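Below is one structure, written out as C-alpha cells; the observations come after it.
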Amino acid sequence: MRLFVPYLGRRTVPRSAFGTKDRPLSRGQRTVPCLREVFRMAVKKAEKKVTDELYLKRLEKHHDELRWLYMELYNNSDMFAELLDQMREYYLARNNDLKAQDEEREANPSWYKSNDMLGMMLYIDNFAGNMKGVEEKLDYLQESNVNYIHLMPFLDSPEGRSDGGYAVADFRKVREDLGSIEDLQNLTAACHKKNMNVCMDFVMNHTSEDHEWAVRARQGDGEYMSRYFFYDNYTIPAQYEKTTPQVFPTTAPGNFSWCRELSHYVMTTFYPYQWDLNYKNPRVFNEMMYNYMYLANCGIDIIRIDAVPYIWKQLGTQSRNLPQVHTIVRMMRIIGEIVCPGILLLGEVVMEPEKVVPYFGTVEKPECHMLYNVTTMATTWHTVATRDTRLLRQQLDIVNSLPKDYLFLNYLRCHDDIGWGLDYATLAKEGIQEVPHKKYLNDYFRGWTGNSNSRGELYNEDLVSGDARFCGTTASLCGIERAGFEQDEAMMNDAINMDIMLHAYMFMQSGIPVLYSGDEIAQVNDYTYKDDPKKVEDSRYLHRGKMLWENAEKRNNPETVEGRVYQALDQLEKIRKTEKAFMAAADTWTLDTWEKEVLSIGRYYDGDKIIGIFNFSEFDKTAWINEDDGLYENMITGEKREARGVDIPAHSFIYLKKI
Ligand code: GLC
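Every position in the sequence shown, counted from 1, becomes a number in our numbering once 787 is added.
Quick look at the structure:
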C-alpha cells in the first residue's frame, strides 16, 4: 500500500503566536495569556485541527494529479513544494466566513446552477464612483433581481494605458480612485450578507508595462526578463508573426513591441503596454497562483480568467488554445478545490464553439465551471439583422446537446465589441460569404441598410481583410436611441418590444443570464469618449458610459422608456427565478415554427413545461407549432390557450406554460 505523505510546508511555530500577517503583534502586545485566553487558545487549536483535517482531505484527493500536471509542465519539485507550502498558507489565511461558505458549497456542488441566478457586469466608477458607492447601491441591484455582480477590472492600472483596466500594474492593489483592498473585502462581505456573488477579472495573460516585474525587466534584470518574452532581434518575432493572428489589428497591430530601454522586442499580443507573461517559467505560474489565492481570499466568488486561450505561446502555432493552457486551467481548478472550493472559474474564451467547449474539461477532470456563450450571442445579433432564425436554431441545438454539467453564461451585450464569429460554413450553403456578410451586419447596425433603426460604431476595422467588429448598447442596437432622438413613437414601440423580446429569449436559454449594467433601463450609446484623448481610439467606450441614475429614477414609471423596459425585465426575471423549468438541468429544445423569422424554444423540468416563441421580424407572424398536449397559460397575461398556431406580433414574444 502506498502511503500518502502530503507536503505541509516548513512552518512549525503557529503564525497566530505572532498575530496575523497584516497585524503582527509587537513584543509588548504579546502579554502572558490569562486563563480565559489559554482556554480560548485551546479551543482555537482544536478548531484548527479540524480545519486542517479538511484541508488534508482535499489535498489528498487532488495531490497526485496536481503533482503530475506540475511535473509534466515544469519538472521542478522545489517549485512544486513551494506552491504547496503557499497553498497551505493561503488556506490558513482564509477567513472563517469564507471557509464556512466553502463547506456549504462543497456540500451542494450545483449551488450555482439554479434558476435564481442573475448576473450584472458593471464598471465601479461608472456605476457608483467607487467601491463604497457600489456597496451603497446594493439595494438597487437587489431590487433589480441581481445576485451576481461582475466588477469590471478594478486593480491598479496606469491611466491612459490600461485597456479598460486589463493592464494590471499590481494584483494586490485596488485602483486608488476606486478604493482599497479593505473596501473590496467589505464589499464582498456586504454582498455575501445579501446572498450576492462577486466576480472579478484575473488578467493572467499579461501585466502592465508598469508592473514591478516589467520595471525590473526593463532595468535588464535577467530573472525578471525571463518572466516575459524578450528578443534582441526580430528573427523569432518574425517567425511568430507568420502564424499568430492579431487581436487588435488596427488599434495595436502586431504581436511584438520595441522596448527602447532594453533595445529588445517584447511580446505584446494585446496593446504594446500589455506584456505577455511567460508561463514556461514556473516562477510566473507560482506567483500568479499566489495572486489568484490572494484575491479569492478577498471574498471573490467567481474568478473570470481573462483571455485564457492565449496564455501559452509556441513558435510555429497560433499560440492559442494549446494543450498546456488546459494543463494550467486544470491546475487552477485543483488549487481552487483544495484552498477555496467555494469559488468558481469563468473562462473568457471568445472563440468558435469547438474551441470553447474543451475549457469545461471533462466531467471527471473539469477545468472551468462556466464559459461565455459567445457564438450564441453573436448569432443572436446576426438573427436580428437578417430576421432568419435558422442559424440561431442550429447553434442553440448544438448547445442544448452538450452535457448538462456544462454551464454557460448567456448575455446580449458585454463591455467588449461583438465579433462576427458565426458559422460561415453553414451560411455558405445559403450562398452567404463571410466578408460581404460582415459588411452587411456592420452596415445594418450602423442603421445604413436593411430597414434598420440601429445605432453603433465599428471596432478595429481591418482595411486589409475587410473585417470589423461592432460596438453599441442593446438599446441603441434595437433602435431606442434613434427613436428617442427622432421622437418617433411607433419606432420607439417597436424598439422597446425588440429589446424586451431579446431579453425574454436570452432568459429562455440554459445557464446564467448576465445583464450589462444600464441595459435594465435601456441606456443608449455614450459618445463622450470621443472627447477623451485616452479613449477616443477605442470605440468600445461607446457602450461603457456612466450609469444614468436620473434615468434609473424613472424605472417605476410605466410612461417612460426606462420604466417600460425595467418593469418588463423585472417580470421576466421573477418568472425565471420561480419556475423550475428554467433550471440549468432542464431539457431544452427548439421547435419547428415553419416561419424562419420565428424561433421557438421548449423547456421541461420535473413535470413543468414551458414554450417560448420569439418573433425576430418587424411584421406580425404566426408560429405554426402544434403541441398536442392540452391547455397552456400565457405567463404574462394569464390567458389560457392551446400551443398551436400562435400569433406573435412584430418583435414580440410569448411564454406559455403547460397547465
Ligand atoms: C479580454 C477583455 C478585453 C481586453 C482583453 C485584453 O478579452 O474582455 O476587454 O481588451 O482581454 O486583456
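Every residue, glycine too, gets a C-beta built ideally from N, C-alpha and C. Predicted, not measured: the structure shown is a model, and the values here were computed from it.
Could you tell me the distance, in whole angstroms, from the CA atom of Val1161 to the CA atom of Met828? In the sequence shown, residue 1161 corresponds to position 374, counting from 1. In the sequence shown, residue 828 corresponds to position 41, counting from 1. Cα-Cα distance, rounded: 52 Å.
Are the CB atoms of Phe1035 and Phe1057 nearer to each other than 8 Å? Mapped onto the sequence shown, residue 1035 falls at position 248. Mapped onto the sequence shown, residue 1057 falls at position 270. The Cβ atoms of Phe1035 and Phe1057 sit closer than 8 Å to each other.
With C-beta atoms as the reference, is Glu1346 less than 8 Å away from Asn1338? Stepping through the sequence shown from its first residue, residue 1346 is reached at position 559. Stepping through the sequence shown from its first residue, residue 1338 is reached at position 551. Inclusion of Glu1346 and Asn1338 in the CB contact set at 8 Å is not warranted, their separation being larger than that value.
Report the rounded CA-to-CA distance for Thr1213 versus His850, giving the unit in angstroms. Translated into positions along the sequence shown, residue 1213 becomes position 426. Translated into positions along the sequence shown, residue 850 becomes position 63. Going from the Cα of Thr1213 to the Cα of His850 covers about 45 Å.
Cut-off 7 Å between Cβ atoms - residues of its own chain near Thr1030, not counting five sequence neighbours on either side: Taking the sequence shown and counting its residues from 1, one reaches residue 1030 at position 243. The beta carbon of Thr1030 is closer than 7 Å to those of Gly1103, Thr1104 and Gln1105 in its chain, skipping five residues each way along the sequence.
Own chain partners of Thr818 with C-beta closer than 7 Å, once the 5 adjacent residues on each side are dropped: Here the question's residue 818 lines up with position 31 in the sequence shown. Only weak support is given to the placement of Thr818: the predicted model assigns it a pLDDT of 47, under 50, and the value that follows is read from those uncertain coordinates. Only residues of its own chain outside the window of five on either side were considered, and among them none has a CB closer than 7 Å to the CB of Thr818.
Please report how far the alpha carbon of Val990 lies from the alpha carbon of Tyr1066, in whole angstroms. As a first step, residue 990 is located in the sequence shown; it is residue number 203 there, counting from the start. As a first step, residue 1066 is located in the sequence shown; it is residue number 279 there, counting from the start. If you draw a straight line from the Cα of Val990 to the Cα of Tyr1066, it comes to about 13 Å.
Buried or exposed (CB count within 10 angstroms, at least 16 for buried), Leu1314: Residue mapping note: residue 1314 aligns to position 527 of the sequence shown, counting from 1. Sequence check: residue 1314 is Tyr here, not Leu. Exposed is the call here.
Give the straight-line distance between the Cα atoms of Gly1234 and Asp1275, rounded to the nearest whole angstrom. Counting from one through the sequence shown, the residue named residue 1234 turns up at place 447. Counting from one through the sequence shown, the residue named residue 1275 turns up at place 488. Cα-Cα distance, rounded: 15 Å.
Could you tell me the alpha carbon to alpha carbon distance between Ser1263 and Val1352, rounded to whole angstroms? Against the sequence shown, residue 1263 aligns to sequence position 476. Against the sequence shown, residue 1352 aligns to sequence position 565. Each residue's alpha carbon lies about 13 Å from the other.
Where do the ends of the beta strand (DSSP E) carrying Thr994 lie? Taking the sequence shown and counting its residues from 1, one reaches residue 994 at position 207. His993 to Ser995 is the span of the beta strand (DSSP E), which, as asked, contains Thr994.
Helix or strand or just coil, what does DSSP make of Trp1376? The residue you call residue 1376 lines up with position 589 of the sequence shown. Look at Trp1376 here: in three-state DSSP terms it is strand.
Just the C-alpha distance for Tyr953 and Pro940, rounded to the nearest angstrom, thanks. Against the sequence shown, residue 953 aligns to sequence position 166. Against the sequence shown, residue 940 aligns to sequence position 153. Here the alpha carbon of Tyr953 sits roughly 6 Å from the alpha carbon of Pro940.
Among Tyr1328, Asn1073 and Glu996, the one whose alpha carbon lies nearest that of Asp1318: Here residue 1318 corresponds to residue number 531 of the sequence shown, with the count starting at 1. Looking from the CA of Asp1318, the closest CA among Tyr1328, Asn1073 and Glu996 belongs to Tyr1328.
Straight-line Cα distance separating Val1143 from Val1136: Counting from 1 along the sequence shown, the entry for residue 1136 is found at position 349. Counting from 1 along the sequence shown, the entry for residue 1143 is found at position 356. Rounded to the nearest angstrom, the two C-alpha atoms are 6 Å apart.
His1202: CB within 7 Å of a non-hydrogen atom of ligand 1: In the sequence shown, counting from the first residue as 1, residue 1202 sits at position 415. Yes, the beta carbon of His1202 sits closer than 7 Å to at least one heavy atom of ligand 1.
Leu846: which of Arg875, Trp898, Thr1149 and Lys1383 sits nearest, CA to CA? For the purposes of this step, residue 846 is taken as residue 59 along the sequence shown, with counting starting at 1. For the residues Arg875, Trp898, Thr1149 and Lys1383, the minimum Cα distance to Leu846 belongs to Arg875.
Pick from Val985, Ala1039, Thr1022 and Tyr1052 that is closest to Met1012, judged by C-alpha positions: As a first step, residue 1012 must be located in the sequence shown, where it is residue number 225. Of Val985, Ala1039, Thr1022 and Tyr1052, the residue nearest in Cα terms is Tyr1052.
Reduced DSSP secondary structure (H/G/I, E/B, other) of Ala977: Position 190 of the sequence shown, counted from the first residue, corresponds to residue 977. Ala977 carries a helical assignment under DSSP once its states are collapsed to helix, strand and coil.
Between the Cα of Thr1114 and the Cα atoms of Glu1141, Thr1149 and Asn1084, which residue gives the shortest distance? Position 327 of the sequence shown holds residue 1114. Selected option, being the one with the closest Cα: Thr1149.
For Gly1237 and Asp1281, the rounded distance between their alpha carbons: In the sequence shown, residue 1281 corresponds to position 494, counting from 1. In the sequence shown, residue 1237 corresponds to position 450, counting from 1. Between the alpha carbons of Asp1281 and Gly1237 lies a distance of about 15 Å.
Where His998 and Gly1332 are concerned, what is the direct C-alpha to C-alpha distance, given to the nearest angstrom? Here residue 998 is taken as the residue at index 211 of the sequence shown, counted from 1. Here residue 1332 is taken as the residue at index 545 of the sequence shown, counted from 1. Rounded to whole angstroms, His998 to Gly1332 spans 28 Å at the Cα level.
Using DSSP with H/G/I as helix, E/B as strand and the rest coil, what is Trp1527? For residue 1527 there is no data in the structure shown, the boundaries of the chain being 788 and 1446.
With burial defined as no fewer than 16 other Cβ atoms inside 10 Å of the residue's Cβ, what is the status of Asp865: buried or exposed? Taking the sequence shown and counting its residues from 1, the one referred to as residue 865 is at position 78. With fewer than 16 other Cβ atoms within 10 Å, it is exposed.
Are there 16 or more other CB atoms within 10 angstroms of the CB of Glu1382, so buried, or fewer, so exposed? As a working note, residue 1382 is residue 595 in the sequence shown. Buried, by the Cβ-count rule.
Which residues in the same chain have their Cβ closer than 8 Å to the Cβ of Ile1412, if we skip the five residues on either side of it in sequence? Working through the sequence shown from its first residue, we reach residue 1412 at position 625. Around Ile1412: Leu1378, Asp1379, Thr1380, Ser1387, Ile1398, Ile1400, Ala1430, Arg1431, Gly1432 and Val1433.
Going by DSSP, name the residue or residues bridged to Glu1429. If you number the sequence shown from 1, residue 1429 lands on position 642. According to DSSP, Glu1429 bridges with Leu1418.
Around the Cβ of Met1075, are there at least 16 other Cβ atoms within 10 angstroms (buried) or fewer (exposed)? The count along the sequence shown starts at 1 and reaches residue 1075 at position 288. Buried.
Between His993, Cys1265 and Leu1178, which lies nearest to Tyr1283 when the distance is taken from Cα to Cα? Looking up residue 1283 in the sequence shown gives position 496. Checking the sequence shown, residue 1283 turns out to be Ile, not Tyr. Measuring from the Cα of Ile1283, the nearest candidate turns out to be Cys1265.
DSSP three-state assignment for Glu1324, whether helix, strand or coil: Working through the sequence shown from its first residue, we reach residue 1324 at position 537. If DSSP states are grouped into helix, strand and coil, Glu1324 belongs with coil.
Which residue spans inside the segment 1200-1266 form an unbroken beta strand (DSSP E) run of at least 3? Runs of the beta strand (DSSP E) spanning 3 or more residues and lying entirely within the segment 1200-1266 occur at 1244-1249 and 1254-1258, in chain order.
Could you tell me if Ala1039 is buried or exposed, where buried requires 16 or more neighbouring beta carbons within 10 angstroms of its beta carbon? Here residue 1039 corresponds to residue number 252 of the sequence shown, with the count starting at 1. It counts as buried.
Along the beta strand (DSSP E) that carries Gly1134, what are the first and last residues, could you check? Counting from one through the sequence shown, the residue named residue 1134 turns up at place 347. Boundaries of the beta strand (DSSP E) harbouring Gly1134: Leu1131 to Gly1134, taken from the DSSP string.
By a C-beta neighbour count over all protein chains shown, 10 Å radius and 16 as the cutoff for buried, is Trp1099 buried or exposed? In the sequence shown, the residue the question calls residue 1099 occupies position 312. It counts as buried.
Tell me the DSSP secondary structure of Ala1339 in three-state form. Here residue 1339 corresponds to residue number 552 of the sequence shown, with the count starting at 1. In the displayed model, Ala1339 falls within a helix according to three-state DSSP.
Figure out for me which residue from Met1080, Ile1087 and Asp1088 has the closest Cα to the Cα of Met1118. Numbered from 1 along the sequence shown, position 331 holds the residue referred to as residue 1118. Selection Met1080, Ile1087 and Asp1088 evaluated against Met1118 yields Met1080 as nearest (Cα-Cα).
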